[in-house]
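Protein chains: 2
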Amino acid sequence: MTSQNKERIRVGPISGFPEWGPAERIVEQQMLDIIRTTFEMYGFSPIETSSVERNEILTAKGSEETERQIYRLTGLHPQTPEDAREYSLHFDLTVPLARYVAQHHSELVFPFKRYQIQKVWRGERPQHGRFREFTQCDIDIVGDESLDLIADAEVPAVIYEIFKALNIGPFNIQISNRKILSGFLESLSLNKLQTSEILKEVDKIDRVGQERLENQLATAGISKSIISSFFTLLGLCGTPEEVLKILTDMKGISEKFEQGVQELQVVVEHANNFGIEGDCLSVDLKIVRGLDYYTGTIYETRLKDHPQLGSICSGGRYEDLASYFINRTLPGVGISIGLTRLFSQLLQANLVSIGSQSIAPVLVTTPEPHSRSNSMKIATLLRTSGIKTETFLDEARLTRQLRYASRKGFAVVLIPFDEDLKAGNIRVRYMDKSEEVSVAYGDLTQILSTYR
Amino acid sequence: MTSQNKERIRVGPISGFPEWGPAERIVEQQMLDIIRTTFEMYGFSPIETSSVERNEILTAKGSEETERQIYRLTGLHPQTPEDAREYSLHFDLTVPLARYVAQHHSELVFPFKRYQIQKVWRGERPQHGRFREFTQCDIDIVGDESLDLIADAEVPAVIYEIFKALNIGPFNIQISNRKILSGFLESLSLNKLQTSEILKEVDKIDRVGQERLENQLATAGISKSIISSFFTLLGLCGTPEEVLKILTDMKGISEKFEQGVQELQVVVEHANNFGIEGDCLSVDLKIVRGLDYYTGTIYETRLKDHPQLGSICSGGRYEDLASYFINRTLPGVGISIGLTRLFSQLLQANLVSIGSQSIAPVLVTTPEPHSRSNSMKIATLLRTSGIKTETFLDEARLTRQLRYASRKGFAVVLIPFDEDLKAGNIRVRYMDKSEEVSVAYGDLTQILSTYR
Chain S
0 MTSQNKERIR VGPISGFPEW GPAERIVEQQ MLDIIRTTFE MYGFSPIETS SVERNEILTA
60 KGSEETERQI YRLTGLHPQT PEDAREYSLH FDLTVPLARY VAQHHSELVF PFKRYQIQKV
120 WRGERPQHGR FREFTQCDID IVGDESLDLI ADAEVPAVIY EIFKALNIGP FNIQISNRKI
180 LSGFLESLSL NKLQTSEILK EVDKIDRVGQ ERLENQLATA GISKSIISSF FTLLGLCGTP
240 EEVLKILTDM KGISEKFEQG VQELQVVVEH ANNFGIEGDC LSVDLKIVRG LDYYTGTIYE
300 TRLKDHPQLG SICSGGRYED LASYFINRTL PGVGISIGLT RLFSQLLQAN LVSIGSQSIA
360 PVLVTTPEPH SRSNSMKIAT LLRTSGIKTE TFLDEARLTR QLRYASRKGF AVVLIPFDED
420 LKAGNIRVRY MDKSEEVSVA YGDLTQILST YR
Chain G
0 MTSQNKERIR VGPISGFPEW GPAERIVEQQ MLDIIRTTFE MYGFSPIETS SVERNEILTA
60 KGSEETERQI YRLTGLHPQT PEDAREYSLH FDLTVPLARY VAQHHSELVF PFKRYQIQKV
120 WRGERPQHGR FREFTQCDID IVGDESLDLI ADAEVPAVIY EIFKALNIGP FNIQISNRKI
180 LSGFLESLSL NKLQTSEILK EVDKIDRVGQ ERLENQLATA GISKSIISSF FTLLGLCGTP
240 EEVLKILTDM KGISEKFEQG VQELQVVVEH ANNFGIEGDC LSVDLKIVRG LDYYTGTIYE
300 TRLKDHPQLG SICSGGRYED LASYFINRTL PGVGISIGLT RLFSQLLQAN LVSIGSQSIA
360 PVLVTTPEPH SRSNSMKIAT LLRTSGIKTE TFLDEARLTR QLRYASRKGF AVVLIPFDED
420 LKAGNIRVRY MDKSEEVSVA YGDLTQILST YR
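Quick mapping for you: the protein sequence lines, in order, are chains S and G. Mapping the first sequence onto numbering that gives the first Met the number 0, position 52 (from 1) lands on 51, and the numbers just tick up by one. Mapping the second sequence onto numbering that gives the first Met the number 0, position 140 (from 1) lands on 139, and the numbers just tick up by one.
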């Protein structure tokens, strides 16, 4: 069978499973590096959990919406190990963290600070900005039986450093405390279930409007004037000082309400000590997160100039990480960056600039076939001084080598003619300016040191 | 339901899905960083393919042994998207590379040099050193219609730099060319299938001995004296110079044989130019790899002091990467480090030293509760100068903070008493020596600069 009339298998993207070209991947990796470095700078240690968990672990909390999204493994071939069906791909990094901490409780040192940058999978209906496979970047601080509130201030400090370094425009870390709204609602004799349902509705208010919430409150028997106060509360949004001033003036609502206000105050004060600049942090009482899992401090993060991207980094405080798996109370606080979603949105909105397909800024050509070993030695010299360098590996005319350099996006091309080298020189071509200069060979690594 | 009598879900390892503690993960990540940095230093650009491929892509080559290992996705819940069953987790990074290159052929620049560091999954029977989920680190150089032999020399040069930097003892990159043995066998009028079967047997010779191979050759009608010459050939092993001298003296066997010898000679010469030191490279004709996919140069890598680990890095030249997917001949050369297997074996053999659970070398304590903001400022100062620093986040007596530091494995603990700070000093405790000194606060980042 010749290569020409072989039947070929169709190739193409799989909906919901994103894949980038090298140029995009280089930028995504730079973002991941910034995130990882910042996590580590604050002493979060890396862990990686297996991509699969036993089914009963993933379904321990039993939300049908989540279960619908779980990818279970099975064999493609009848002889694939039978036990494959007992486990599924994880859909977040929180359940794996809970299982990991429970399993390794005796070996870990608490407060346990870990980061995890891994793929997660969700069988969602693919749609704009939703992926079935995506990278999450999570940090958590987990205490054993207790965890000081100051941890709630370190988490946004880390996020602040990351978004400053990512340099994707001004951002706003919005903070609240779930006890404030739930303390208000419970003071109206609403039970926990009703409170939880209402908070879920608050979480959606930006998308679906406030009418549904109004009806829900009215149905629960709340009077018009109290509904109106609730919306006033929800509308509180501004600098921590402004909002906290109003909140501390509201007395006698409920113990839980006051606890929430007090916690928020402590967290905001510490956040200042951690160095978060004022205009990057605001209090917004509409921030609740939809999950009952969160019990105190809550965070969301938005790009000021691009509110349509929604929250690009969210999390909060929880009081019970792992009681499904271990007889200990493990409170914690954490936050998660959905990097794939963020990166794809930044790409679409042209907020990151995509450059070269080459990770190396420098290409060493071979202008004369016999001088290959020179090219290799020059490349070794540059690499030794920390400059990523490719050598052109095919035999080809110089014009073809330069076309390759231009198409692939090298910044600098070295053209080591024998004659030049003998005179102690080498030609350096700066591709963006199409400028070619002859420099002293001895100065080469110094001249190119900005490409390190 | 109180936390005490809740029914708990059993947690524990899943056979074949390895997971490390933070201290192990820190070391594994250092190894991954060395691998990645070296790949990039040589101009290999990063790509990442989705974890799943369509089933027909994974099974294009149709080996039943491979198919038995494929994990297909399905829904845990009846409502998981139906199309999940159309794709499976990839079992290597070569098939995904072939599909990726075919799919993006028009956007990529050739020779396409990429690296990929990703998880792969194989539903193997778990056994010593075999995993169902593991990280592979692959590089490939893929040409469009042709690729110069010099590429075959760059690949071991990269591997040489990596194993030098990993610092896990002396190693040996073994190189051969598949054309030599297959050229010899074809000269005996064996057909391609017979040749392929014999080379598969050669690949297993270290494990199963040479008797099976002898019988196989005899059954194929090969005379005793020729079998004996074949084993002489197989036994050739030594420095490139030694072995090549013998090989070039063997004239008239077949054109393919001579082509193999000539290619091997060119590759070895270039490898020297790339800076591989002599005693790290040897020629060993028993190196064939079991796959017919490989058609020329072949590599394996072994630790000299630990031959029982087997090959820790293997690969070779292939002449047709992707003709199942695209009507182009895409020859290439690549190599793969099975990092998970390597790392777990190094752990077991005590060849890597596992240190601290903390990624940060420095802990700033809070010796007096009111001085927390001092601790935070000191930590910020150190981070700004590039030193990973954790602040102790709970309120606790100093002795408990020091116990935490000791258990978690910090190298240095700072104890910022107010009084000391006012006098311009700070206490630095070196944990390994249990030594505490008072230093000038202004010199702190300088003194700790080795922890950067």
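Beta carbons are placed, not taken as given, at the ideal position from N, Cα and C, and that holds for glycine.
message: Considering just the uninterrupted stretch of the alpha helix (DSSP H) at Leu341 (chain S), what are its terminal residues?
response: What you label residue 341 (chain S) is simply residue 342 of the first sequence in a count that begins at 1. Unbroken alpha helix (DSSP H) run through Leu341 (chain S): 338-347.
Beta-carbon neighbours of His103 (chain G), restricted to chain S and to distances below 7 Å: Here residue 103 (chain G) refers to the residue found at position 104 of the second sequence. Ordered by position in chain S, the residues that pass the 7 Å Cβ test against His103 (chain G) are Gly20.
task: Identify each residue in the region 82-108 of chain G for which the Cβ-Cβ distance to at least one residue of chain S is less than 7 Å, and report them in chain order.
output: Answer set for the region 82-108 of chain G: Ala83, Tyr86, Ser87, Arg98, Ala101, Gln102, His103, Glu106, Val108.
- prompt: Is the CB-CB distance between Val344 (chain G) and Leu308 (chain G) below 8 Å?
  reply: As a position in the second sequence, residue 344 (chain G) is number 345, starting the count at 1. As a position in the second sequence, residue 308 (chain G) is number 309, starting the count at 1. Inspection of the sequence shows that residue 344 (chain G) is occupied by Gln rather than by Val. Yes, they are a contact pair.
Leu180 (chain G) at chain S interface by Cβ criterion, 8 Å: For the purposes of this step, residue 180 (chain G) is identified with residue 181 of the second sequence, where counting begins at 1. When Cβ-Cβ separations below 8 Å define contact, Leu180 (chain G) makes no contact with chain S.
- request: Would you mind telling me which residues of chain S sit closer than 7 Å to Gly42 (chain G), beta carbon to beta carbon, in chain order?
  value: Indexing the second sequence from 1 puts residue 42 (chain G) at position 43. Near Gly42 (chain G) (Cβ distances below 7 Å), the residues of chain S are Ser357, Ile358, Ala359, Lys387, Thr388, Glu389.
query: Which residue or residues does DSSP assign as beta-bridge partners of Arg53 (chain S)?
result: Counting from 1 along the first sequence, the entry for residue 53 (chain S) is found at position 54. Partner(s): S:Tyr86.
task: Use the C-beta contact count for Lys112 (chain G): other C-beta atoms within 10 angstroms, 16 or more gives buried, fewer gives exposed.
output: Your numbering for residue 112 (chain G) matches position 113 in the second sequence. Around the beta carbon of Lys112 (chain G), a 10 Å sphere encloses 16 or more other beta carbons of the protein chains shown; the residue is thus reported as buried.
message: Against chain G, does Glu367 (chain S) count as a neighbour if the rule is that its beta carbon must be under 8 Å from one of theirs?
response: Taking the first residue of the first sequence as position 1, residue 367 (chain S) is located at position 368. Closer than 8 Å to the CB of Glu367 (chain S) there is not a single CB belonging to chain G.
In DSSP terms, what Leu413 (chain S) is bridged to: In the first sequence, counting from the first residue as 1, residue 413 (chain S) sits at position 414. According to DSSP, which records beta bridges pairwise, Leu413 (chain S) is partnered with S:Val363, S:Val427.
task: Rounded to whole angstroms, what's the CA-CA distance from Thr1 (chain G) to Ile334 (chain S)? Just pull it up for me.
output: Position 2 of the second sequence, counting from 1, holds the residue named residue 1 (chain G). Position 335 of the first sequence, counting from 1, holds the residue named residue 334 (chain S). With a pLDDT of only 43 at Thr1 (chain G), under 50, the local geometry of the prediction cannot be trusted, and the value read off the model is given with reservation. Answer to the nearest angstrom: the Cα atoms are 28 Å apart.
query: For Arg371 (chain G), does the three-state DSSP call read helix, strand or coil?
result: By one-based count along the second sequence, residue 371 (chain G) stands at place 372. The answer is helix: DSSP assigns Arg371 (chain G) an H, G or I state.
message: For a cutoff of 8 Å on Cβ pairs, would you count Ala150 (chain S) as touching chain G?
response: To locate residue 150 (chain S), count along the first sequence from 1; it is residue 151. For Ala150 (chain S), the answer is yes, since a Cβ of chain G falls inside 8 Å of its Cβ.
message: Counting only C-beta atoms, is Ser2 (chain G) closer than 8 Å to chain S at any point?
response: In the second sequence, counting from the first residue as 1, residue 2 (chain G) sits at position 3. Note on Ser2 (chain G): pLDDT 47, under 50, position unreliable in the model; the coordinate value appears next. Yes, Ser2 (chain G) counts as interfacial toward chain S.
- prompt: Quick one: what does DSSP say Gln68 (chain G) is sitting in, helix, strand or coil?
  reply: As a first step, residue 68 (chain G) must be located in the second sequence, where it is residue number 69. Reduced to three states, the DSSP call for Gln68 (chain G) is coil.
- prompt: Where Ala22 (chain G) and Gly128 (chain S) are concerned, what is the direct C-alpha to C-alpha distance, given to the nearest angstrom?
  reply: Taking the first residue of the second sequence as position 1, residue 22 (chain G) is located at position 23. Taking the first residue of the first sequence as position 1, residue 128 (chain S) is located at position 129. Cα to Cα, Ala22 (chain G) sits roughly 36 Å from Gly128 (chain S).
query: If we count the other Cβ atoms within 10 Å of its Cβ and call it buried at 16 or more, is Leu192 (chain S) buried or exposed?
result: Counted from its first residue, the first sequence places residue 192 (chain S) at position 193. Exposed is the call here.
query: In chain S, which residues lie with their C-beta within 8 Å of the C-beta of Val490 (chain G)?
result: For chain G, the structure presents residues 0 to 451; residue 490 (chain G) sits outside this window and is missing.
field: Neighbourhood of Val412 (chain S) by C-beta, 7 Å cutoff - its chain only, sequence neighbours within 5 removed
entry: Your numbering for residue 412 (chain S) matches position 413 in the first sequence. Correct list, in chain order: Leu362, Thr364, Leu401, Ala404, Arg428, Met430.
- prompt: In whole angstroms, what is the alpha-carbon distance linking Asn166 (chain G) and Glu153 (chain S)?
  reply: For this step, residue 166 (chain G) is matched to residue 167 along the second sequence. For this step, residue 153 (chain S) is matched to residue 154 along the first sequence. Going by the C-alpha atoms only, they are around 36 Å apart.
task: Please decide whether Tyr403 (chain G) counts as near chain S, where near means a Cβ-Cβ distance under 8 Å.
output: Along the second sequence, read from residue 1 onward, the residue named residue 403 (chain G) stands at position 404. Interface residue, yes.
- request: Using the Cα positions of Ile297 (chain G) and Gly20 (chain S), report the straight-line distance between them to the nearest angstrom.
  value: Locating residue 297 (chain G) in the second sequence gives position 298, counting from the first residue. Locating residue 20 (chain S) in the first sequence gives position 21, counting from the first residue. Whole-angstrom Cα-Cα distance: 29 Å.
query: DSSP beta-bridge partners for Ile25 (chain G)?
result: As a position in the second sequence, residue 25 (chain G) is number 26, starting the count at 1. Under the DSSP definition of a beta bridge, Ile25 (chain G) lacks any partner.
- prompt: So, helix, strand or coil for Leu280 (chain S), using DSSP?
  reply: For the purposes of this step, residue 280 (chain S) is taken as residue 281 along the first sequence, with counting starting at 1. Leu280 (chain S) falls in the strand class under three-state DSSP.
message: Given this structure, state the Cα-to-Cα distance separating Ser433 (chain S) from Lys407 (chain S), to the nearest angstrom.
response: Taking the first residue of the first sequence as position 1, residue 433 (chain S) is located at position 434. Taking the first residue of the first sequence as position 1, residue 407 (chain S) is located at position 408. About 15 Å.
task: Whole angstroms is fine: what's the gap from Gln445 (chain G)'s alpha carbon to Ile386 (chain G)'s?
output: For this step, residue 445 (chain G) is matched to residue 446 along the second sequence. For this step, residue 386 (chain G) is matched to residue 387 along the second sequence. Rounded to the nearest angstrom, the two C-alpha atoms are 11 Å apart.
message: Less than 8 Å between CB atoms is the rule here; does Phe162 (chain S) satisfy it with respect to chain G?
response: Here the question's residue 162 (chain S) lines up with position 163 in the first sequence. Closer than 8 Å: no.
Arg98 (chain G) vs Gly74 (chain S) beta-carbon contact at 8 Å: For this step, residue 98 (chain G) is matched to residue 99 along the second sequence. For this step, residue 74 (chain S) is matched to residue 75 along the first sequence. No, they are not a contact pair.
message: Closest to Cys236 (chain G) by C-alpha separation, out of G:Ile174, G:Ile161, G:Asp393, would be which residue?
response: By one-based count along the second sequence, residue 236 (chain G) stands at place 237. Minimum Cα distance to Cys236 (chain G) is reached at G:Ile174.
task: With distances taken Cα to Cα, identify the nearest neighbour of Gln452 (chain G) among G:Pro239, G:Leu107, G:Gln135, G:Phe130.
output: For residue 452 (chain G) there is no data in the structure shown, the boundaries of chain G being 0 and 451.
- prompt: With a CB to CB cut of under 7 Å and the five nearest residues on each side skipped, what residues in its chain are close to Leu187 (chain S)?
  reply: Within the first sequence, numbered from 1, the residue matching residue 187 (chain S) stands at position 188. Cβ-Cβ distances below 7 Å link Leu187 (chain S) to Ile221, Ile225 in the same chain, with the five nearest sequence neighbours on each side left out; the list follows chain order.
First and last residue of the uninterrupted alpha helix (DSSP H) at Leu273 (chain G): Within the second sequence, residue 273 (chain G) is the residue found at index 274, counting from 1. Note that residue 273 (chain G) is Phe in the sequence shown here, rather than Leu. In this chain, Phe273 (chain G) is not harboured by any alpha helix (DSSP H), its DSSP state being neither H nor E.
field: Proximity to Ile286 (chain S) [Cα-Cα], best of S:Pro45, S:Ser355, S:Leu180
entry: Position 287 of the first sequence, counted from the start, is the residue given in the question as residue 286 (chain S). Taking only the C-alpha atoms, the option nearest Ile286 (chain S) is S:Leu180.
message: Alpha carbons only, please: which of S:Phe273, S:Asp32, S:Met30, S:Ala348 is nearest the one belonging to Asn373 (chain G)?
response: Sequence index remark: in the second sequence, residue 373 (chain G) carries index 374 (1-based). Of the listed residues, the one whose Cα sits closest to Asn373 (chain G) is S:Phe273.
task: Mind reading off the beta-carbon distance from Leu302 (chain S) to Phe170 (chain S)? Whole number of angstroms is fine, and I expect it under 8 Å.
output: The sequence position of residue 302 (chain S) within the first sequence is 303, counting from 1. The sequence position of residue 170 (chain S) within the first sequence is 171, counting from 1. Right, the Cβ-Cβ distance comes to about 5 Å (below 8 Å), so this counts as a contact.
message: When you compare the region 23-35 of chain G with the region 335-354 of chain G, are there three or more beta-carbon pairs, one atom per stretch, that lie closer than 8 Å?
response: A contact is defined here as three or more CB-CB pairs under 8 Å, and the region 23-35 of chain G meets this definition with respect to the region 335-354 of chain G.
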